[in-house]
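Chains as they are written, first to last, in the numbering used here: chain U, 70 to 356; chain L, 70 to 356; chain F, 70 to 356.
The beta-carbon is built from N, C-alpha and C at its ideal position, and this holds for glycine as well.
Here the structure is a predicted model, which means the values were calculated and not measured.
Right, one structure below, let's go through it.
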Amino acid sequence: MKKILIQLDSDKFASVFDTITAYDAGVDRVLQYGGVTTEEVRNLVYGAMFTRAGDALQNSSVFVGGSDVSYGEEIMKAVVESFFGPVRVSVMIDTNGCNTTAVAAVRKIVSVGGIKGQKAVVMGGTGPVGMRAAALMAGEGAEVLLTSRSQQRSEKVCASIKERFGVEVSPAEVQSFEDIKGILDGAYTVLCSGAAGITLLPESVWVEHPTLRVLADVNAVPPLGIEKIKPHWDWKEKGRKIIFGALGIGGLKMKIHRSCLSRLFKQNDLVLDAEEIYKIAKTMHNK
Amino acid sequence: MKKILIQLDSDKFASVFDTITAYDAGVDRVLQYGGVTTEEVRNLVYGAMFTRAGDALQNSSVFVGGSDVSYGEEIMKAVVESFFGPVRVSVMIDTNGCNTTAVAAVRKIVSVGGIKGQKAVVMGGTGPVGMRAAALMAGEGAEVLLTSRSQQRSEKVCASIKERFGVEVSPAEVQSFEDIKGILDGAYTVLCSGAAGITLLPESVWVEHPTLRVLADVNAVPPLGIEKIKPHWDWKEKGRKIIFGALGIGGLKMKIHRSCLSRLFKQNDLVLDAEEIYKIAKTMHNK
Amino acid sequence: MKKILIQLDSDKFASVFDTITAYDAGVDRVLQYGGVTTEEVRNLVYGAMFTRAGDALQNSSVFVGGSDVSYGEEIMKAVVESFFGPVRVSVMIDTNGCNTTAVAAVRKIVSVGGIKGQKAVVMGGTGPVGMRAAALMAGEGAEVLLTSRSQQRSEKVCASIKERFGVEVSPAEVQSFEDIKGILDGAYTVLCSGAAGITLLPESVWVEHPTLRVLADVNAVPPLGIEKIKPHWDWKEKGRKIIFGALGIGGLKMKIHRSCLSRLFKQNDLVLDAEEIYKIAKTMHNK
Numbered sequence: 070m071k072k073i074l075i076q077l078d079s080d081k082f083a084s085v086f087d088t089i090t091a092y093d094a095g096v097d098r099v100l101q102y103g104g105v106t107t108e109e110v111r112n113l114v115y116g117a118m119f120t121r122a123g124d125a126l127q128n129s130s131v132f133v134g135g136s137d138v139s140y141g142e143e144i145m146k147a148v149v150e151s152f153f154g155p156v157r158v159s160v161m162i163d164t165n166g167c168n169t170t171a172v173a174a175v176r177k178i179v180s181v182g183g184i185k186g187q188k189a190v191v192m193g194g195t196g197p198v199g200m201r202a203a204a205l206m207a208g209e210g211a212e213v214l215l216t217s218r219s220q221q222r223s224e225k226v227c228a229s230i231k232e233r234f235g236v237e238v239s240p241a242e243v244q245s246f247e248d249i250k251g252i253l254d255g256a257y258t259v260l261c262s263g264a265a266g267i268t269l270l271p272e273s274v275w276v277e278h279p280t281l282r283v284l285a286d287v288n289a290v291p292p293l294g295i296e297k298i299k300p301h302w303d304w305k306e307k308g309r310k311i312i313f314g315a316l317g318i319g320g321l322k323m324k325i326h327r328s329c330l331s332r333l334f335k336q337n338d339l340v341l342d343a344e345e346i347y348k349i350a351k352t353m354h355n356k
Numbered sequence: 070m071k072k073i074l075i076q077l078d079s080d081k082f083a084s085v086f087d088t089i090t091a092y093d094a095g096v097d098r099v100l101q102y103g104g105v106t107t108e109e110v111r112n113l114v115y116g117a118m119f120t121r122a123g124d125a126l127q128n129s130s131v132f133v134g135g136s137d138v139s140y141g142e143e144i145m146k147a148v149v150e151s152f153f154g155p156v157r158v159s160v161m162i163d164t165n166g167c168n169t170t171a172v173a174a175v176r177k178i179v180s181v182g183g184i185k186g187q188k189a190v191v192m193g194g195t196g197p198v199g200m201r202a203a204a205l206m207a208g209e210g211a212e213v214l215l216t217s218r219s220q221q222r223s224e225k226v227c228a229s230i231k232e233r234f235g236v237e238v239s240p241a242e243v244q245s246f247e248d249i250k251g252i253l254d255g256a257y258t259v260l261c262s263g264a265a266g267i268t269l270l271p272e273s274v275w276v277e278h279p280t281l282r283v284l285a286d287v288n289a290v291p292p293l294g295i296e297k298i299k300p301h302w303d304w305k306e307k308g309r310k311i312i313f314g315a316l317g318i319g320g321l322k323m324k325i326h327r328s329c330l331s332r333l334f335k336q337n338d339l340v341l342d343a344e345e346i347y348k349i350a351k352t353m354h355n356k
Numbered sequence: 070m071k072k073i074l075i076q077l078d079s080d081k082f083a084s085v086f087d088t089i090t091a092y093d094a095g096v097d098r099v100l101q102y103g104g105v106t107t108e109e110v111r112n113l114v115y116g117a118m119f120t121r122a123g124d125a126l127q128n129s130s131v132f133v134g135g136s137d138v139s140y141g142e143e144i145m146k147a148v149v150e151s152f153f154g155p156v157r158v159s160v161m162i163d164t165n166g167c168n169t170t171a172v173a174a175v176r177k178i179v180s181v182g183g184i185k186g187q188k189a190v191v192m193g194g195t196g197p198v199g200m201r202a203a204a205l206m207a208g209e210g211a212e213v214l215l216t217s218r219s220q221q222r223s224e225k226v227c228a229s230i231k232e233r234f235g236v237e238v239s240p241a242e243v244q245s246f247e248d249i250k251g252i253l254d255g256a257y258t259v260l261c262s263g264a265a266g267i268t269l270l271p272e273s274v275w276v277e278h279p280t281l282r283v284l285a286d287v288n289a290v291p292p293l294g295i296e297k298i299k300p301h302w303d304w305k306e307k308g309r310k311i312i313f314g315a316l317g318i319g320g321l322k323m324k325i326h327r328s329c330l331s332r333l334f335k336q337n338d339l340v341l342d343a344e345e346i347y348k349i350a351k352t353m354h355n356k
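Here it is in structure tokens:
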């Protein structure tokens with residue numbers, strides 16, 4: 070029986086990236102649905118729930134993608150609400166790649182050594198990746214600071230993290246060079262997850278920083294988030310520091326994405342969002 | 070050479086259910102087309118007709134689905150009109166599953182014993198399933214009564230049946246409990262094919278009915294069409310009666326659907342609508 | 070690793086013809102995208118560029134189809150502009166089948182014997198097929214005349230050919246029977262590539278023509294472009310003349326189409342437009 074993935078995407082076209090990745094993960098057939106609205110989810114999911122029965126149900130799964138992360142979450146909610154009792158299929162959400170990217174970045178950082186009790190800073194952390202990475206590091210016992218150019222925005226995101234993940238992350242505002250230095254004071258690790266093509270961390274700040282030990286950047290578009298690093302760096306040692314660039318993290322991200330997709334088809338009741346994806350990643354090598 | 074099914078669906082999205090079923094029937098590739106209008110059919114069908122040649126043509130087929138049954142019939146007409154001479158591909162129509170559901174229900178009823186010359190009642194019979202089931206039972210020689218809450222609607226549907234299938238079905242109106250008892254007087258079998266979640270046949274009427282021998286219900290959403298039965302009943306004996314619930318019928322429906330799809334690819338000139346699907350079902354086991 | 074073709078089509082629905090042909094060429098999975106605009110190309114192509122890496126990139130390719138040839142060329146341009154450096158995928162354009170049809174027609178004509186230095190006439194040559202066939206024959210060293218009912222249109226197309234292909238083709242106007250005779254004076258070969266169902270070359274002109282040796286017609290819809298020939302003729306000898314009808318050419322066209330598609334997946338940097346497709350066809354048998 071063929072493993073069939075129903076790809077739900079709120080963009081006009083279902084993502085080429087997600088479909089190819091699904092095939093590379095061993096899925097037999099991907100049904101691509103673009104322009105999906107929450108109202109249309111139930112009927113599509115019913116088509117997966119009521120075609121195969123019993124153990125065969127695990128051969129049908131749902132993937133929620135698309136570039137709009139918050140709308141994707143509504144679609145995910147509609148998927149799960151379509152199930153009743155044991156009549157359900159496995160589902161994974163990775164809108165805009167934010168779950169697998171955040172998980173891969175945190176796994177890279179954690180691989181250097183425990184971050185428990187350490188100070189971790191997520192710069193430009195109000196986007197989907199930063200928010201998830203902050204939550205996951207807090208879950209690992211780090212004291213996490215999430216920065217934004219606006220105090221109000223970082224506070225709002227920290228509140229969302231508290232509500233969604235049940236962990237504490239502290240908000241911070243970065244307006245100046247002096248702010249950055251203050252925020253990084255005593256920090257063990259920093260993750261840059263701001264907009265593509267914007268430098269958040271100048272070389273002069275990080276290169277001689279006395280406590281910073283692990284640096285990570287998910288921005289692959291020059292100029293990078295961390296000045297003077299390379300995107301392909303993957304556990305690059307510079308002095309006492311270990312650095313991960315976007316492509317170094319990206320390789321692990323792809324592996325995590327594929328591994329999660331392949332697990333969808335081993336049971337019919339998986340719900341893979343950030344936390345569950347992180348748990349799966351923990352069972353994998355970090356390379 | 071890969072077996073390719075061109076799925077034409079008038080709904081915005083091509084049905085997940087129909088696509089998965091096609092893969093389970095052994096189709097190699099399904100090309101899903103949603104939002105298809107009759108004007109667009111010819112060009113899509115030409116793409117199937119003119120790509121492969123000779124014997125290879127039987128590896129391309131067309132499936133007409135969608136929830137709008139009457140529009141699906143117009144699409145089916147446009148498909149068949151696109152053919153010329155031997156340059157054609159096989160095609161099956163099962164909009165909203167109505168053909169395979171009606172065929173499965175009638176096959177279940179007939180499996181108990183001949184209905185020839187017997188009185189058969191189709192309650193809530195003005196929908197696509199009821200209309201087809203009534204026609205098929207009339208074709209088996211039953212004296213069929215088709216009921217509706219409105220005499221006018223049941224008369225209209227009986228006239229459509231006469232025109233489309235060339236068989237006689239008698240219209241009847243059901244407004245009250247007394248009407249039901251009268252209509253079922255002397256009946257051998259009853260099929261409930263009304264709207265989901267509406268009870269048409271009270272337990273007090275059927276449970277001690279002196280002549281009713283076979284009961285079937287295609288409604289799986291509680292409350293069921295026949296009061297106090299279970300959807301999974303499949304040749305359930307209650308006293309002298311044999312009862313088929315929606316899921317009992319549904320299992321056979323799926324098998325018929327898959328079997329028809331698989332036959333599409335054995336020749337290039339099949340046209341599978343209700344009658345032809347019924348003929349194919351007759352060659353199959355009824356379980 | 071599965072060979073995946075991303076099919077970009079500016080028509081509402083991605084062409085059934087192109088998809089089936091891709092599967093017959095050995096492509097494993099076709100991702101069909103219909104209603105594609107130039108603005109949306111980059112994101113779709115990025116999905117192919119950034120999913121697989123290194124040698125694996127050659128397993129993802131792009132096909133540009135659709136019935137609108139000039140818009141397809143803009144899409145093709147947008148595809149190529151999405152690449153940077155070695156991060157790219159192979160791509161083929163065959164909007165409305167015009168490249169493979171023109172190439173097949175010219176290969177058939179050339180297969181009879183060299184056309185170098187000979188006079189070649191493309192009648193009704195202002196469409197996509199005629200324009201490409203004229204350019205390819207000029208590239209083979211023929212003296213090509215391209216006719217239209219309007220001198221202005223044929224001049225415009227010859228200028229486009231000069232700009233796009235860097236070869237000289239002479240424009241000509243055909244308004245009357247006498248015009249045709251004059252234009253064909255001394256010609257060695259004639260290709261009819263006008264609109265479907267319109268006769269361009271009367272039997273009385275060609276049947277006893279003293280110099281015409283090879284005739285070809287890509288119109289399969291009666292009345293044909295060349296009067297009194299048959300579409301299935303493939304190297305049909307009539308007196309001293311060799312004649313190719315639309316279906317005779319069509320068989321080779323399909324082979325060329327499939328062969329090009331299969332080559333896309335052998336490297337990640339092919340760009341297949343008319344000239345490159347012609348070069349590939351030269352390495353193939355002409356039957």
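Asked: With a Cβ-Cβ cutoff of 8 Å, do Val148(U) and Val160(U) count as a contact?; Found: yes
Asked: How about Gln101(L): is its C-beta nearer than 8 Å to some C-beta of chain U?; Found: yes
Asked: Would you please verify whether the beta carbon of Ser84(U) is less than 8 Å from any beta carbon of chain F?; Found: yes
Asked: Given a threshold of 16 other Cβ atoms within 10 Å of its Cβ, counted over all protein chains shown, does Arg309(F) qualify as buried or as exposed?; Found: exposed
Asked: Using a Cβ-Cβ cutoff of 9 Å, what residues of the segment 147 to 179 of chain F are near chain L? List them in chain order.; Found: none
Asked: Find the residues of chain L that neighbour Glu143(U), judging by a C-beta separation of less than 9 Å, and give them in chain order.; Found: Those do not exist, as Glu143(U) stays about 18 Å from chain L at its closest Cβ, beyond 9 Å.
Asked: If the criterion is Cβ atoms closer than 8 Å, does the pair Thr268(U) and Phe86(L) meet it?; Found: no
Asked: Residues of chain U with a CB under 9 Å from the CB of Thr107(L): which are they?; Found: In chain order: nothing, as chain U lies at least about 22 Å away.
Asked: Do you know offhand how far Gln127(L)'s Cα is from Gly320(F)'s?; Found: 18 Å
Asked: So which residues on chain F does Thr88(L) lean against when the C-beta distance must stay under 9 Å?; Found: The contacting residues do not exist; Thr88(L) stays about 13 Å from chain F at best.
Asked: Just to make sure I have the definition right: I need the residues of chain F whose C-beta is within less than 8 Å of the C-beta of Arg68(L). Which are they?; Found: Missing from the structure shown is residue 68(L); chain L here goes from 70 to 356 and no further.
Asked: Is DSSP giving Glu371(U) helix, strand or coil here?; Found: This structure gives no information on residue 371(U), because the portion of chain U shown stretches from 70 to 356.
Asked: Let me confirm a value: His354(F) is counted as buried when at least 16 other C-beta atoms fall within 10 Å, else exposed. Which label applies?; Found: exposed
Asked: When DSSP labels each residue in this structure, what does Tyr257(U) get in the three-state scheme?; Found: coil
Asked: How would you list, in chain order, the residues of chain F whose beta-carbon sits under 7 Å from the beta-carbon of Gly134(L)?; Found: What Gly134(L) touches in chain F: nothing, since even the nearest Cβ is about 15 Å away.
Asked: Figure out for me which residue from Ala94(F), Thr216(F), Ser136(F) has the closest Cα to the Cα of Asn112(L).; Found: Ser136(F)
Asked: For Pro300(F), which residues does DSSP report across the bridge?; Found: Paired residue(s): none; Pro300(F) is not in a bridge.
Asked: Would Glu254(F) be called buried (16 or more neighbouring beta carbons within 10 Å of its own) or exposed?; Found: Before going on, a small fix: residue 254(F) reads as Asp here, not Glu. Classification of Asp254(F): exposed, given that the 10 Å Cβ count is below 16.
Asked: Would you say Ser129(F) lies against chain U (beta-carbon separation less than 8 Å)?; Found: yes
Asked: Under the three-state reduction of DSSP, which class applies to Met70(L): helix, strand or coil?; Found: coil
Asked: Could you pull out every unbroken beta strand (DSSP E) segment of at least 3 residues lying fully inside the segment 282 to 333 of chain U, listed in chain order?; Found: 283 to 286, 303 to 307, 310 to 313
Asked: Quick check on Ser169(L): buried or exposed, where buried means 16 or more other Cβ atoms within 10 Å of its Cβ?; Found: Correcting the residue identity first, residue 169(L) is Thr in this sequence and not Ser. Flag for Thr169(L) reads buried.
Asked: So which of Ala207(F), Gly199(F), Met192(F), Ala171(F) has the shortest CA-CA distance to Ile184(F)?; Found: Ala207(F)
Asked: Opposite Pro240(F) in the DSSP bridges: which residues?; Found: Leu215(F)
Asked: Between Glu242(F) and the ligand MN, is the CB less than 7 Å from at least one heavy atom?; Found: This structure simply doesn't include the ligand MN, nor any ligand for that matter.
Asked: What does Leu113(U) reach in chain L if we use C-beta pairs closer than 7 Å?; Found: Phe82, Val85
Asked: To the nearest angstrom, how far is it from the Cα of Lys351(U) to the Cα of Asp78(F)?; Found: 42 Å
Asked: Counting Cβ pairs, one atom from each stretch, are 3 or more of them under 8 Å apart for the segment 190 to 197 of chain U and the segment 80 to 99 of chain L?; Found: no
Asked: What whole-angstrom Cβ distance do Ala343(F) and Ala315(F) have, given they're in contact under 8 Å?; Found: The pair is not a contact, with the Cβ atoms about 19 Å apart (cut-off 8 Å).
Asked: Expressed to the nearest angstrom, what Euclidean distance is found between the alpha-carbon atoms of Lys322(F) and Arg176(F)?; Found: 10 Å
Asked: By the DSSP assignment, the alpha helix (DSSP H) with Ile89(L) in it spans what residues?; Found: 85 to 93
Asked: Taking the CB atoms as reference points, tell me whether Ala174(F) and Ile318(F) lie closer together than 8 Å.; Found: yes
Asked: Determine, using beta carbons only, whether Ala117(L) comes closer than 8 Å to chain F.; Found: yes
Asked: Just how far apart, CA to CA, sit Phe152(F) and Ser331(F)?; Found: 21 Å
Asked: Would you kindly report the start and end of the unbroken alpha helix (DSSP H) that includes Leu113(F)?; Found: 107 to 118
Asked: I think Val238(L) touches Ala285(L), with their Cβ atoms under 8 Å apart; what is that distance to the nearest whole Å?; Found: With 8 Å as the limit, Val238(L) and Ala285(L) do not qualify as a contact, their Cβ atoms being about 17 Å apart.
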